[in-house]
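Let me begin by presenting the structure, written as structure tokens, before commenting on it.
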Amino acid sequence: MWVKLCCLLLYFLALFVLARVFEAVAWYESGFLATQLVDPVALSFRKLRTILECRGLGHSGLPEKKDVRELVEKSGDLMEGELYSALKEEEASESVSSTNFSGEMHFYELVEDTKDGIWLVQVIANDRSPLVGKVHWEKMVKKVSRFGIRTGTFNCSSDPRYCKRRGWLKSTLIMSVPQTSTSKGKVMLKEYSGRRIEVEHIFKWITAHAASRIKTIYNSEHLKEEWNRSDQYRVKIYLFANLDQPPAFFSALSVKFTGRVEFIFVNVENWDNKSYMAEIGIYKTPSYILRTPEGIYRYGNNTGEFISLRAMDSFLRSLQPEVNDLFVLSLVLVNLMAWMDLFITQGATIKRFVVLISTLGTYNSLLIISWLPVLGFLQLPYLDSFYEYSLKLFRYSNTTTLASWVRADWMFYSSHPALFLSTYLGHGLLIDYFEKKRRRNNNTDEVNANNLEWLSSLWDWYTSYLFHPIASFQHFPFDSDWDEDPDLFLERLAFPDLWLHPLIPTDYIKNLPMWRFQCLGAHSDEETLDTFPDSESDSDSESKELFSSDREVSEDDELSMCQSCSEGERHCHVEACSCATHYCHREPCEPKARPYGSSGDLEPDWSAWPSDMLHCTECVVCLENFAKGCLLMGLPCGHVFHQNCIGMWLAGGRHCCPVCRWASYKKKQPYTHPQPLASEPPS
Numbered sequence: 001m002w003v004k005l006c007c008l009l010l011y012f013l014a015l016f017v018l019a020r021v022f023e024a025v026a027w028y029e030s031g032f033l034a035t036q037l038v039d040p041v042a043l044s045f046r047k048l049r050t051i052l053e054c055r056g057l058g059h060s061g062l063p064e065k066k067d068v069r070e071l072v073e074k075s076g077d078l079m080e081g082e083l084y085s086a087l088k089e090e091e092a093s094e095s096v097s098s099t100n101f102s103g104e105m106h107f108y109e110l111v112e113d114t115k116d117g118i119w120l121v122q123v124i125a126n127d128r129s130p131l132v133g134k135v136h137w138e139k140m141v142k143k144v145s146r147f148g149i150r151t152g153t154f155n156c157s158s159d160p161r162y163c164k165r166r167g168w169l170k171s172t173l174i175m176s177v178p179q180t181s182t183s184k185g186k187v188m189l190k191e192y193s194g195r196r197i198e199v200e201h202i203f204k205w206i207t208a209h210a211a212s213r214i215k216t217i218y219n220s221e222h223l224k225e226e227w228n229r230s231d232q233y234r235v236k237i238y239l240f241a242n243l244d245q246p247p248a249f250f251s252a253l254s255v256k257f258t259g260r261v262e263f264i265f266v267n268v269e270n271w272d273n274k275s276y277m278a279e280i281g282i283y284k285t286p287s288y289i290l291r292t293p294e295g296i297y298r299y300g301n302n303t304g305e306f307i308s309l310r311a312m313d314s315f316l317r318s319l320q321p322e323v324n325d326l327f328v329l330s331l332v333l334v335n336l337m338a339w340m341d342l343f344i345t346q347g348a349t350i351k352r353f354v355v356l357i358s359t360l361g362t363y364n365s366l367l368i369i370s371w372l373p374v375l376g377f378l379q380l381p382y383l384d385s386f387y388e389y390s391l392k393l394f395r396y397s398n399t400t401t402l403a404s405w406v407r408a409d410w411m412f413y414s415s416h417p418a419l420f421l422s423t424y425l426g427h428g429l430l431i432d433y434f435e436k437k438r439r440r441n442n443n444t445d446e447v448n449a450n451n452l453e454w455l456s457s458l459w460d461w462y463t464s465y466l467f468h469p470i471a472s473f474q475h476f477p478f479d480s481d482w483d484e485d486p487d488l489f490l491e492r493l494a495f496p497d498l499w500l501h502p503l504i505p506t507d508y509i510k511n512l513p514m515w516r517f518q519c520l521g522a523h524s525d526e527e528t529l530d531t532f533p534d535s536e537s538d539s540d541s542e543s544k545e546l547f548s549s550d551r552e553v554s555e556d557d558e559l560s561m562c563q564s565c566s567e568g569e570r571h572c573h574v575e576a577c578s579c580a581t582h583y584c585h586r587e588p589c590e591p592k593a594r595p596y597g598s599s600g601d602l603e604p605d606w607s608a609w610p611s612d613m614l615h616c617t618e619c620v621v622c623l624e625n626f627a628k629g630c631l632l633m634g635l636p637c638g639h640v641f642h643q644n645c646i647g648m649w650l651a652g653g654r655h656c657c658p659v660c661r662w663a664s665y666k667k668k669q670p671y672t673h674p675q676p677l678a679s680e681p682p683s
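Right, here's the structure in full:
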């Protein structure tokens with residue numbers, strides 16, 4: 001996760017540097033920067049009209065270029081970046097979709113239940129033609145969509161009862177605007193009553209109703225009272241301008257930020273005394289002033305602070321964000337970080353996408369789960385101070401020059417999605433190249449694996465996990481509270497063929513206990529073989545017979561038989577019994593290579609054996625006695641064998657004990673050695 005986070009931070013740093021390179025190239029080619037002011041006198045009439053349309057100011061009654069230029073100057077300073085964005089938006093000419101309402105509930109959910117937006121709906125009465133024709137309606141939709149105003153069409157033929165109840169007996173236009181200045185307040189529906197159906201007149205009607213929600217100040221006394229008043233709004237934005245009404249983008253933002261930011265329009269058109277404006281630091285108009293508890297901020301002095309809806313919207317969102325804004329930001333960052341896994345993962349192509357899907361699901365699930373307690377935490381009533389300090393931190397950090405660069409870069413890359421995706425892909429390919437080179441230097445085999453090999457290994461892992469526990473996760477020996485193996489019942493219900501050929505990793509073999517067989521005596525092997533040839537042959541025959549036997553004897557029978565064995569001529573200790581004589585649970589104790597009761601015999605050094613291993617002197621795989629210094633290996637069931645013998649047995653796919661058939665990768669209750677019984681005195 002930290003590797004992907006570092007890769008994402010490097011990508012953001014590369015985007016920041018690339019944006020500065022683009023600015024340098026634009027300055028070299030054209031000789032101006034995006035923050036450089038533009039003289040409206042040098043612009044054509046078409047460009048001036050485009051600027052007014054983007055700002056939301058009507059110009060239908062201004063035929064002269066001089067009047068249009070003065071209106072642009074009254075609404076705010078024009079920068080090269082704003083002019084470029086406006087011209088690019090006009091040339092794009094993208095078709096904007098409009099909603100077709102299916103009935104009352106659909107209309108209520110989208111229009112009447114929307115508390116932070118403006119809707120323009122054309123109602124078509126039964127057997128009537130629409131009020132606005134198709135061509136003019138498409139122009140209207142494109143014009144108002146620049147300011148975040150959503151549009152739709154309600155045909156009364158789909159729900160005539162609702163139209164009759166509403167009084168929509170003729171075709172008309174309906175506009176929905178939040179009625180109050182509080183967040184999530186009531187919605188007010190207004191009907192267009194004008195006679196002229198032109199696009200400009202309808203747009204003036206929309207902007208007039210939207211501007212009526214903004215507090216307007218007409219004299220200096222009212223400004224002084226409002227400037228010194230403290231109320232629920234911590235953030236206020238003032239527009240000082242010589243206009244009849246605020247621009248449409250300013251009114252649209254006042255609806256969008258209802259309950260978070262208060263918008264105030266100061267009309268200085270007929271002011272004679274502007275001394276108080278000088279006292280509060282306002283020396284020119286138009287000016288956009290942000291008033292916060294931390295001080296005054298002049299909007300438009302830093303990079304990317306254009307007089308447009310999109311620029312001011314990103315600026316205010318960074319200062320006064322909602323919880324939903326933070327959630328969307330975290331969602332984008334988490335998914336960008338998760339997609340880095342596509343390039344970091346090496347090997348087959350299918351493997352990359354499988355890992356990517358798994359990472360996307362994991363990261364998004366963790367994000368949603370982590371946001372749930374955060375939402376509950378923020379709703380606690382005694383955390384208001386924490387919330388205020390958090391917003392104060394946002395305001396301090398997002399009014400810096402670095403924050404303005406970040407906002408400008410965000411607007412640039414979001415308006416050029418192809419550039420954003422291509423740079424992300426290029427960054428990922430660079431990560432893939434360096435990661436592949438690093439793993440090749442480490443001689444990693446997975447770099448050259450193809451799709452079929454990886455799918456085969458994935459199927460092997462899946463079937464092993466499905467039918468057996470993963471041995472690599474079980475470090476032997478391990479502690480468990482299970483008295484019995486819970487998988488024994490599943491073995492009876494599983495498919496026989498899958499259990500006859502289990503696909504189990506063999507890496508657990510290296511975790512099995514190994515040690516060397518040592519003796520306490522010093523007799524030679526030749527002497528041992530010459531002394532007990534018959535006993536060894538008898539031991540081999542007895543081992544074969546007992547290995548094929550299926551009966552089980554309890555531990556009490558074993559002790560009694562060992563006791564009877566010690567009373568006869570063959571002296572046998574329980575701890576010296578051969579492992580070949582213990583089938584399933586325990587079998588009667590039998591003497592093995594030779595009796596260990598007489599003097600001069602070799603005595604095994606049992607202290608070198610693990611405590612949970614059964615004491616024996618013969619390997620039932622090769623049917624040979626343990627020689628001094630040979631390497632032994634024990635299984636979880638307690639039986640002991642030659643290391644080479646049991647290693648070949650397990651590597652061949654027989655993952656069970658040759659004696660008791662207990663699974664060689666499953667834990668079993670440790671065997672406690674019984675104390676040797678004292679010999680009874682002769683009668």
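FYI, the UniProt record's numbering numbers position 449 of the sequence shown as 449, with every residue one higher than the one before it. Virtual Cβ for every residue (Gly too), placed ideally from N, Cα, C.
Buried or exposed for S251, going by 16 or more other Cβ atoms inside 10 Å? One-based indexing of the sequence shown puts residue 251 at position 251. Label assigned to S251: buried.
Nearest residue (CA-CA) to D116, options N270, K186 and S60: On the sequence shown, position 116 is the one that residue 116 refers to. The option with the nearest alpha carbon to D116 is K186.
So for W119, helix, strand or coil by DSSP? Numbered from its first residue, the sequence shown carries residue 119 at position 119. If DSSP states are grouped into helix, strand and coil, W119 belongs with the strands.
Which two residues bound the contiguous alpha helix (DSSP H) that contains G361? Numbered from 1 along the sequence shown, position 361 holds the residue referred to as residue 361. For G361, the enclosing alpha helix (DSSP H) stretches over residues T349 to L378.
Below 8 Å, how does it come out for the stretch 357-371 and the stretch 268-284: are there three or more Cβ pairs, yes or no? With the cut-off at 8 Å, the stretch 357-371 and the stretch 268-284 do not touch.
Could you pull out every unbroken beta strand (DSSP E) segment of at least 3 residues lying fully inside the stretch 602-679, listed in chain order? Entirely contained in the stretch 602-679, the beta strand (DSSP E) runs reaching 3 residues are, in chain order, 631-634 and 640-642.
Who pairs with S176 in a beta bridge, going by DSSP? Here the question's residue 176 lines up with position 176 in the sequence shown. Per DSSP, the beta bridge partners of S176 are W119 and L189.
Cβ pair V255, S176 closer than 7 Å: Translated into positions along the sequence shown, residue 255 becomes position 255. Translated into positions along the sequence shown, residue 176 becomes position 176. No, Cβ-Cβ distance for V255 and S176 is not below 7 Å.
What does DSSP give as the partner residues of A241 in its beta bridges? By one-based count along the sequence shown, residue 241 stands at place 241. Answer is N267.
Which same chain residues end up closer than 7 Å to W227 when comparing Cβ atoms and leaving out the 5 residues on each side of it in sequence? Reading the sequence shown from its first residue, position 227 is the one you call residue 227. These residues qualify, in order along the chain: I280.
Tell me whether residue 712 sits in a helix, a strand or coil according to DSSP, three-state version. Here the chain covers residues 1 to 683 and nothing more, so residue 712 does not appear.
I need the boundaries of the alpha helix (DSSP H) containing W339, first residue and last residue. Within the sequence shown, numbered from 1, the residue matching residue 339 stands at position 339. Start and end: V323 to W339.
Among F101, S129, K134 and V135, nearest to V121 - alpha-carbon criterion: On the sequence shown, residue 121 is found 121 positions in, with the first residue counted as 1. Closest by alpha carbon: F101.
Are the beta-carbon atoms of K351 and R291 separated by less than 7 Å? Within the sequence shown, residue 351 is the residue found at index 351, counting from 1. Within the sequence shown, residue 291 is the residue found at index 291, counting from 1. No, the pair does not count as a contact, with Cβ atoms beyond the cut-off.
Does DSSP put N126 in a helix, a strand or coil? Numbered from 1 along the sequence shown, position 126 holds the residue referred to as residue 126. Looking at N126 - three-state DSSP - the assignment turns out to be coil, as it is neither helix nor strand.
Looking only at DSSP bridge pairs, what is W515 linked to? To locate residue 515, count along the sequence shown from 1; it is residue 515. Looking at the DSSP assignment, W515 forms a beta bridge with L632.
Candidates W137, A125, V132 and V144, of which the one nearest S157 by Cα: One-based indexing of the sequence shown puts residue 157 at position 157. Comparing alpha carbon positions, the residue from W137, A125, V132 and V144 closest to S157 is A125.
Close-in-space but distant-in-sequence residues of the same chain around L383 (CB under 8 Å, 5 per side omitted): Walking along the sequence shown from the start, residue 383 turns up at place 383. Sequence-distant partners of L383 (beyond 5 residues in either direction) whose C-beta falls short of 8 Å from its own C-beta, in its chain, are F377.
Integer Cβ distance of L48 from V72, believed to fall under 8 Å: Counted from its first residue, the sequence shown places residue 48 at position 48. Counted from its first residue, the sequence shown places residue 72 at position 72. Right, the Cβ-Cβ distance comes to about 6 Å (below 8 Å), so this counts as a contact.
Beta-carbon proximity of K667 to M340, cut-off 7 Å: Within the sequence shown, the letter at position 667 stands for residue 667. Within the sequence shown, the letter at position 340 stands for residue 340. With respect to M340, K667 sits apart: the two C-beta atoms are not nearer than 7 Å.
CB of V334 within 7 Å of CB of Y299, strictly: Looking up residue 334 in the sequence shown gives position 334. Looking up residue 299 in the sequence shown gives position 299. No; because the gap between Cβ atoms is not below 7 Å, this pair is not in contact.
Taking the C-alpha atoms as reference points, what is the distance between I149 and S422? In the sequence shown, the residue the question calls residue 149 occupies position 149. In the sequence shown, the residue the question calls residue 422 occupies position 422. Near 32 Å, if we compare the C-alpha coordinates of S422 and I149.
Mind checking whether T506 and A651 have CB atoms under 7 Å apart? In the sequence shown, counting from the first residue as 1, residue 506 sits at position 506. In the sequence shown, counting from the first residue as 1, residue 651 sits at position 651. Against a cut-off of 7 Å, the Cβ pair of A651 and T506 comes out as a contact.
Between which two residues does the alpha helix (DSSP H) holding R395 run? Mapped onto the sequence shown, residue 395 falls at position 395. D384 to N398 is the extent of the alpha helix (DSSP H) around R395.
Throw me the rounded Cβ distance for the A86 and T35 pair, which I believe falls under 8 Å. Taking the sequence shown and counting its residues from 1, the one referred to as residue 86 is at position 86. Taking the sequence shown and counting its residues from 1, the one referred to as residue 35 is at position 35. About 16 Å separates the beta carbon of A86 from that of T35, a gap too long to meet the 8 Å contact definition.
Are there 16 or more other CB atoms within 10 angstroms of the CB of M411, so buried, or fewer, so exposed? For the purposes of this step, residue 411 is taken as the residue at position 411 of the sequence shown. Burial call: buried.
DSSP has F154 in a bridge; who is on the other side? Within the sequence shown, the letter at position 154 stands for residue 154. Looking at the DSSP output, F154 bridges to F101 and V123.
Cβ neighbours of residue 726 in the same chain (closer than 7 Å, five flanking residues each side left out): Nothing in the structure corresponds to residue 726, since the chain is present only between 1 and 683.
Option in V620, Y665 and C622 with minimal Cα separation from C637: Against the sequence shown, residue 637 aligns to sequence position 637. For the residues V620, Y665 and C622, the minimum Cα distance to C637 belongs to Y665.
Residue range of the beta strand (DSSP E) that R298 falls in? Reading the sequence shown from its first residue, position 298 is the one you call residue 298. Taken as a continuous stretch (DSSP letters only), the beta strand (DSSP E) holding R298 covers G295 to Y299.
State the DSSP-derived secondary structure class of M140, mapped to helix, strand or coil. The count along the sequence shown starts at 1 and reaches residue 140 at position 140. Note: M140 maps to helix in three-state DSSP.
The stretch 642-660 touching the stretch 608-622, judged by at least three CB pairs closer than 8 Å: Verdict: yes, contact present.
Can you round the beta-carbon distance between F265 and I214 to whole angstroms, since I take them to be within the 8 Å contact cut? Within the sequence shown, residue 265 is the residue found at index 265, counting from 1. Within the sequence shown, residue 214 is the residue found at index 214, counting from 1. F265 to I214, Cβ: 5 Å. Contact.
State the Cα-Cα distance for the pair A593 and Y508, rounded to the nearest angstrom. For the purposes of this step, residue 593 is identified with residue 593 of the sequence shown, where counting begins at 1. For the purposes of this step, residue 508 is identified with residue 508 of the sequence shown, where counting begins at 1. Residue placement at A593 is flagged as unreliable, the pLDDT there being 38, under the threshold of 50; the coordinate-derived value follows with that caveat. Near 31 Å, if we compare the C-alpha coordinates of Y508 and A593.
Please tell me whether V135 and T151 are closer than 7 Å, where the distance is taken between their beta carbons. The count along the sequence shown starts at 1 and reaches residue 135 at position 135. The count along the sequence shown starts at 1 and reaches residue 151 at position 151. Contact check for V135 against T151 fails: the beta carbons are separated by 7 Å or more.
Let's see if you can read the secondary structure: which residues bound the beta strand (DSSP E) around K215? The residue given as residue 215 occupies position 215 in the sequence shown. Counting along the chain, K215 sits inside the beta strand (DSSP E) bounded by residues K215 to I217.
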